[in-house]
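Input: a single structure, listed below in structure tokens.
In this note's numbering, the protein residues as written are 2 to 116.
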């Protein structure tokens, strides 16, 4: 059974940092493109960052220069380092694994940026 389990969310003050992790089990992690999405209350889910299976990355304009996605194929884990957090980054963050014809989601982890 394939599982994506996120961790690392929480409450942080504006300007602070968090690192999210997504551990993948039950499949061959290295073949998947891995992404982080987020959904704020009343808004649609949006792409935050993606790492292809070759390691190339792309970011939403709103997080460029602040967030970094990385992956460790040996640990079957993808990370999202989030720096200089803003209140508008508050959302549930979801991990996604993608392969032609396949897409899988984690359960989400809450990130709240507030003073």
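Beta carbons: idealized from backbone N, C-alpha and C, even for Gly.
Helix, strand or coil at residue i according to DSSP, with G and I counted as helix
{"i": "residue 122", "result": "As shown, the chain starts at 2 and ends at 116. That puts residue 122 outside it, with no answer to give."}
{"i": "residue 32", "result": "helix"}
CB contact check: residue i to chain B, cutoff 7 Å
{"i": "residue 4", "result": "No chain B appears in this structure, which consists of one protein chain only."}
Option nearest residue i by Cα separation, candidates the options
{"i": "residue 108", "options": "17, 16 and 21", "result": "21"}
{"i": "residue 36", "options": "42, 91 and 54", "result": "54"}
{"i": "residue 75", "options": "18, 82 and 29", "result": "29"}
{"i": "residue 70", "options": "78, 82, 43 and 10", "result": "82"}
{"i": "residue 43", "options": "93, 32 and 101", "result": "93"}
{"i": "residue 34", "options": "97, 8, 116 and 102", "result": "97"}
Contact under 7 Å by Cβ, residue i with residue j
{"i": "residue 110", "j": "residue 91", "result": "no"}
Residue i burial status per 10 Å Cβ neighbour count (16 or more: buried)
{"i": "residue 27", "result": "exposed"}
{"i": "residue 19", "result": "buried"}
{"i": "residue 12", "result": "exposed"}
{"i": "residue 89", "result": "exposed"}
Does the segment 60 to 68 touch the segment 42 to 50, meaning 3 or more C-beta pairs lie closer than 8 Å? The segment 42 to 50, when compared against the segment 60 to 68, does touch it at the 8 Å Cβ threshold.
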